[in-house]
Structures are given as structure tokens and as C-alpha cells.
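There are 2 protein chains.
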Amino acid sequence: MAEEAASGSYSALGVESIGARLGNLVAMKERLGSDIGSWRAREVGDGNLNLVFIVESPVGGVVVKQALPYVRLVGDSWPLPLKRSFFEYHALIRQAERDPGRVPGVFHFDVEQALIVQEYLTPHIILRRSLIAGTRHPHLAGDLGRFCARTLFRGSDLSMKAADRKADLALFADNVALCDITENLVFTDPYFAAPLNRHTAPQLDALVARLRADVDLKVEAQHLKTAFTTRAETLLHGDLHTGSVMVTGEDTRVIDPEFAVYGPMGFDVGMLLANFWMACFAQSGHEEGEGARDAYRAWILDVVHEIWSTFAQTFTHLWRTERTGMLYPAALYEDQGHAMAAEQALHHRLQAIWTDALGFAGVEIHRRILGLAHIAEFETIADPAQRAAAEAKALVFGRHLVVNRARIPGLAAIRSLAERLEGENIA
Amino acid sequence: MAEEAASGSYSALGVESIGARLGNLVAMKERLGSDIGSWRAREVGDGNLNLVFIVESPVGGVVVKQALPYVRLVGDSWPLPLKRSFFEYHALIRQAERDPGRVPGVFHFDVEQALIVQEYLTPHIILRRSLIAGTRHPHLAGDLGRFCARTLFRGSDLSMKAADRKADLALFADNVALCDITENLVFTDPYFAAPLNRHTAPQLDALVARLRADVDLKVEAQHLKTAFTTRAETLLHGDLHTGSVMVTGEDTRVIDPEFAVYGPMGFDVGMLLANFWMACFAQSGHEEGEGARDAYRAWILDVVHEIWSTFAQTFTHLWRTERTGMLYPAALYEDQGHAMAAEQALHHRLQAIWTDALGFAGVEIHRRILGLAHIAEFETIADPAQRAAAEAKALVFGRHLVVNRARIPGLAAIRSLAERLEGENIA
């Protein structure tokens, strides 16, 4: 029983105990009313790590998210510190300041119980499900592009006071266990036969063997790991895939920043784009007849384009109007009549973020097909041959991004590559 | 009186009070004997920040280094946290582990009094003085190359456990005030007319104006600042110039790591090389007749070459034998029969360190001629025209390194440039 998985005074919640355990919290009573008997809780966590409860009453609802002392996906053989809830809380309140309205509201945080009472997002669904269903969201790309630009710019030395940025760097540097998951499961394990790996076999065996013998790929993946673990440019969400986004027709929310850490700006952007590219390659497994999802594929590729263009536009705007940190100061550029120096530096930074993002996108694609944590877009394709065909396209696409990231001429070229791969038989 | 500059229970030492204040310390008595009346202290601090006492008795000697709550070079109008002593202590004990025998032994640390009792190095002198005097040290380059390779490799994710590296990152991230000095005085102030700047005027005015209008230079200097402040690759010494090295004919010691912080590997290497290049350009102000120091100039350039080659050889050896951290793991390379992947990655990393080092060297040269903290090699040239002529060569040399650092073919090309500039009249 999860209820008995106590560690110190920590005790995991259950649907039956929520009223008794949290009934006195103002944050709960304000939204659910004081009649605890009318509260109904259900556990809905479908992620890899935590308990997530929706608690509703006749007058309202909240979400209670609680960390478990182990990796839910694997079981209690893989312990994981409860403190990740602390990092999630601190990331959420910073993201809410930096891009208001884009993350769920936080009503209560209990560090000892590792739980956050937060806004119940309804009728939102997880974006990944929506991409499988073939649903479009007109505001999605703009919202995500702005979220990335605002949180990444405003959490960096481009914007913050140096002492505040360094204090946050130190605070999040303790998020060791979740970084370890990224460091190993994303950047290393997929590239050799690590024990927790799995892939669609035997269909992908030959391609997987080829990738794991690809020295250039394995070197570049570790360069990207080096970038992730050493380049403390900004506060990352750290796990910004399409399972960490909730949507309606009108609204976009970014959830679950427990992997938050200081890292390179391109990481969030690249992981996000990777998940759209994978959703695109997976459409063949979900279309009602051949070509039925062609227009939807094109929409996904449009979303990728719009995320990046919105990101670049918003980042440019912030660069010109909010560059108050110690880097590239106006005192050195604009105030000396050298506004063009600021523009020159901006282009260099954007180009560097772009290059990084492509590399991170490539490894994200690989780890979702070769590693421990797979994604529903591929997993729900029942026919292994069909699944492998889609995965193979994504794998070679990812390899191209990782190895050639500094020499790819732009999104048009990538789109053209994705479209060409769609018509080919790779596996 | 410095003695009265108390802050909390902190109180600055004076030559008269050392016996009374420190007479009970075992670390002192063990080396000086218990007869406090026989102790003789003198204050010898010639740096920019601290009090440094040599305390001797008939039976031995120690150095007592104490932080002042302000910048000694500027005065109490510029407060500076005493905690820098804490960072110096923690850096010293790590460096002693990583390259035994190359830093002074630490006998006692008092966090509240911000003082370190350490080994009295004698007959050592500051390397900078030796370079002005024209003295050669046969072991110097090898010692410094190994020191850089060992401390930089062993303080990184190439070697350390990830959790330990992240804990150290967080610990040193609080060294905010000293980082601020580097961030502003090295990377920003030299490139515009900041209040604390000075240069040899009017002789250098035209060249300084040209450099401060050089958009490419000003952009690249801020890219280097970004690298310094975001790329937490390893524990840096942080202030590794030739005033932080003490030498005899046989021995080399690296002192004063109070600027220690996690940063890019190329920073220490670049700052060190820069100070040799400046010493080379300054020889014309110290030679007994034209050409009298030609052989010594050649020796300095040999030292630069040997520092880098020793660094690269030692780093390569450590890469092949001590790569126990999470980056570029043997599990992924050697254990899979892909030893060449490890070599490929090594070459990429060395090339990146090299490129960074050249850039950091360039800004170090600029700030020592244009900024607040100048160096004795140039300052002791009495004739301003002669001083300016030497400084001008160094300035254009530094500009070349900063802007072209990624496209310089190697040390032979740099040496050829330095030799060519020596024969020209720049100012």
C-alpha cells in the first residue's frame, strides 16, 4: 500500500485519506468548502514518478501532487528523493512570475509531505493525447514559444541580478537525483545496451546496432551531456515534453517542472520540438487510412516552425527591452552608440540556442525509442512492424540532428527532411 | 587603524597583536614554539585585497593571511565579504588533493576571523618579479601545465561523482563578490570609459578609442563573459596570473585562490598564458640595451609553449586513465570497443579549451592595460612613451586573440605574431 510507504513523518496520500490529512488546509477549504464528507478524490497520475489526485467537491476542485520516495515507473527498487517536490514548487513560482498564466496556480506547498496543492486544470487534457487524437490548438505554438523565451531569458544573467541568479543556481544544484535521470537516461544509456533500455525488437535491432556503433553520434551525445550538466545559463523546466503540457482549445499550461535545474537554453526548446517531430512521425500509426493525417502532419510541422519563430521574436523583444542583467550590458553597447553590437550579439546567442536545441532534440528522440521512458505516440501503435517503421524514421532523423546540428541551414531544411523520410522505408 | 576595522567579532590583525591573538593556536605553536615573545611579524601583502603577515621565530615561520572587509587597492569605500577567505580555504584543500605539493600547506582556518595560517614559502619570490628581473626557472612551465591539467580535470564531471561536483558548484556559487570583480573588471569595464579605468595617456588614447569602438571585440568579450559566468565546467583557481605563483630555482607554488568558482577550463589556462605574453611584451622596458633580453623573450615564449604542451599531455593522460565521472564514460566507449570515440571526444575538448583560453588571454591582457588592476611589468617602466609602446603591442595582440580565437592555427602562429609585433611601432 502506498499509504504505508512512510519515510520519517512523510506518508503517501491515498484517495481515502485526503480528507482527513488535508481537510484543515485553508488552501483546500477555500476551494472545496469545509464539508470534507463531500470531497471526492481520484488518483490520476499517469507519469513516471508521482501520485496525482484530483479532489473535487460540489463547489470546486484542486489537484494534489505528491512525490513518492521511489520512481513510480520502476518501483521502490529505485529510490528517488522527496525533495524533488521542493524544486518543482520553486520552479513553479518562478515560472509564474516570468510568464504569468502559463503554469498552474500553486495554493499550498508542504515540504515534509512533498506535496503541492495546485490549480485543477479542466477541461484540459495532456497535449500528447491530443496529438495522438489529431486535434489542433490554434494558440499552442505561440504560447509555448513565448513560455520558453520568457522563462529562459528571465531566469538568466541576461535579466537577473548576478547574486540572485547564483543563489538560484546553488538552490537547484541540489536537484541531483533528477538530473542524474536526465544525465544517464537521456544522454548515455540509449547509446549502449544499458539494462533498463528497450526497443521494438527484432524490427529495429539492425538500426539500433548501427546507431550504437556510430562513433560520431556517441561523441556528440556526450558533448551535449557536457553542455547540459555544465552550462548553467538559465533555469530550465528540465522535462518540457508534450506530456508536460495541458491544453484546451483556448488555453495552454505547462506542468511538472520537478526536473528544474540551471542548464543551457536550448535544452527546453530542443526537447519540446523533438516531441512534436516524434508526434509527426507517429501519425502513420494513428491515421484512419493512408494519407488521412497528411494535413495534420503539416500542422504539427507548422507548430514547430511557429514555436521557434515565436521564441526568437520574443527573445529578441526581451533582449532589446529587458536586458538588465550583467551580460551584454547597455552600458557597453547602446549607451556607447553601438546598438548594432547588441544586435550582433543577439544573433550569435540565438544561433547558439538553435544549434543546441537541434542536438538536444536528437538525443530526446533517441532516448524515447531506445531508452527506458517511451512515449504514447509510438507505444499505442499496436502493430510492431508499423511502430518500428515510424520509430526508424525518427531515429535516423534524430541522428542527423545530433551530428550535424551546427551545419543545418534552417527549419525549412529540417521540414523537407522530415517530409522526405515520411515517404521512405527505413527499417 | 586596520586593527579597529571590526565587523561582528571579526577584527583585523596587526603586527603587534598577532602573538596575543594567535598565540594559543596549536598550528602556530607547533611551528613557532611557545615563546610568543620571540615571534616577529611583518605585514607583506602587496596584492589588491588582503593582509598578509609573515610570522617568524627562532624555530620556524608561518604565513597568516587575513581578508579585509574591503578592497585594499581601493579602500573601505568598496566593501568585500570576508567569506572570500572561506572560498580560498576550500579551494586550497581541494587543489592540494588534486595536485599535491603545488599549493602552500594549510595549518589552520578561522572562518570568523577570515584568516588562514599557512606554509611560509621561503626563499620563494613572486613569479611576476622574477619575470621582470629576467630570471629563468627550469621547472616552471611543467609545474604550471600539470597544475592546470590536474586541478581542472579532477574538479570536473570528467572525474568527480556528480553529487560531489554539484555540491561544490553550489558551495562556490556563493563567491558572488569576487566573481563580480572578474565579471565587471575583466570582461566589461575595459571596453568602455568606466570610472575606475586608467591607461597610459595620452600615448594610448587613440588605440584605446579604436578598441572601445570595435564592435566585434566588444561582442566577443561578452561572449567570453557569458562563458565565464555560465559554463561551470570545473573548479577554477580564478585568478591564476603570475602574481599568484611563487618560485625558487627548483620549486613552483600556486597561491591565493580566493576567486575560486566553477567556470570554464580555459579560464585559468588563458589568464596564465596572457601574463607570460605580457611579460614578454614588457621586456623592452627592462632590458639593459636593445636586444639584451631577446633570449629571455624567447624563453618566455618557450614557457608558454611548454605550459600548453604539458597541459595537453597531462590532460590526455588523465582522460585515458582517470575518466571516472559521468561524462564520456568508458561504459559507452572503451567497454564497447570504441576507444577511438574517447580519443575523438578528447581532441574536441582540448580544442575547445584551447579556443577558450586564447579568448580569456586576450581579455586578461586588455584589462591589465585598460582597467583598474595593472601589472608591475608595465607599471615599472618609468618612461610613459616606452611603456605605451609595449602596452600597445600587447593590446593589439589581445584583440587578435579575442576576435580570432576559433581560427588561429596554433601556438607557432601566435609566437610568430608576438615576434613580429615586437619589431613594430604600434602606438
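These protein sequence lines are chains A and B, in that order.
Here the first sequence is numbered in numbering that gives the first Met the number 0, starting from 0 and rising by one per residue.
Here the second sequence is numbered in numbering that gives the first Met the number 0, starting from 0 and rising by one per residue.
Ideal Cβ positions, reconstructed from N, Cα and C, are used throughout, including at glycine.
Below-7 Å beta-carbon distance, residue i vs any chain A residue
i, result
"B:K160", "no"
"B:E182", "yes"
"B:E232", "yes"
"B:H185", "In the sequence as presented, His is not what sits at residue 185 of chain B; that position holds Val. False, the Cβ-Cβ gap to chain A never drops below 7 Å."
"B:F191", "yes"
"B:M325", "yes"
"B:V214", "yes"
"B:V175", "yes"
"B:Q221", "yes"
"B:T150", "no"
Proximity test, Cβ basis, 7 Å: residue i and chain B
i, result
"A:T309", "no"
"A:M264", "no"
"A:D156", "yes"
"A:L268", "In the sequence as presented, Leu is not what sits at residue 268 of chain A; that position holds Val. It does not: the Cβ of A:V268 has no partner Cβ on chain B nearer than 7 Å."
"A:E431", "Nothing can be reported for residue 431 of chain A, as the shown portion of chain A is limited to 0 through 426."
"A:K82", "no"
"A:V401", "no"
"A:L143", "no"
"A:L206", "no"
"A:V70", "no"
"A:L416", "no"
"A:A511", "Residue 511 of chain A is absent from the structure shown; chain A starts at 0 and stops at 426."
"A:K392", "no"
"A:Q385", "no"
"A:A172", "yes"
"A:V362", "no"
"A:V218", "yes"
"A:Q350", "no"
"A:T229", "yes"
"A:T313", "no"
Residue range of the unbroken beta strand (DSSP E) whose run includes residue i
i, result
"A:Y261", "260-262"
Anticipated Cβ contact below 8 Å, residue i with residue j, distance rounded
i, j, result
"B:P189", "B:G370", "4 Å"
"B:A113", "B:Q65", "6 Å"
"A:T247", "A:G144", "A:T247 to A:G144, Cβ: 18 Å. No contact."
"A:P57", "A:S37", "6 Å"
"A:D173", "A:R164", "16 Å between Cβ atoms; not a contact."
"A:R398", "A:D213", "7 Å"
"A:V362", "A:F186", "6 Å"
"A:L272", "A:I306", "7 Å"
"A:F227", "A:E289", "With 8 Å as the limit, A:F227 and A:E289 do not qualify as a contact, their Cβ atoms being about 39 Å apart."
"B:V51", "B:A40", "About 11 Å separates the two Cβ atoms, so there is no contact after all."
For residue i: DSSP bridge partner residues
i, result
"B:D109", "B:L114"
"B:Y295", "According to DSSP, which records beta bridges pairwise, B:Y295 is partnered with nothing at all."
Unbroken alpha helix (DSSP H) run spanning residue i, endpoints
i, result
"B:R93", "83-97"
"B:L120", "Counting along the chain, B:L120 falls outside any alpha helix (DSSP H), and DSSP gives it neither H nor E."
"B:H373", "Careful: B:H373 lies outside any alpha helix (DSSP H) and carries neither H nor E."
"A:E421", "410-421"
"B:N384", "According to the sequence displayed, residue 384 of chain B carries Ala and not Asn. Note, B:A384: alpha helix (DSSP H), 383-403."
Cβ of residue i within 7 Å of any chain D Cβ
i, result
"B:L331", "Although the question refers to chain D, the structure presented lacks it and instead comprises the protein chains A and B."
Q: Jot down the residue ranges of each uninterrupted beta strand (DSSP E) in the segment 16-80 of chain A, minimum 3 residues, whole runs only, in chain order.
A: Correct list: 39-42, 49-56, 59-66, 74-78.
(Q) For a minimum of 3 consecutive residues, which ranges assigned as the beta strand (DSSP E) are wholly contained in the segment 231-292 of chain A? (A) 233-235, 244-246, 251-253, 260-262
**Q.** Entirely enclosed alpha helix (DSSP H) segments - the segment 134-218 of chain B, minimum 4 residues
**A.** 139-153, 161-172, 175-180, 204-211
Q.
Runs of 4 residues minimum, wholly inside the segment 292-339 of chain A: which ones carry the alpha helix (DSSP H) assignment?
A. 293-320
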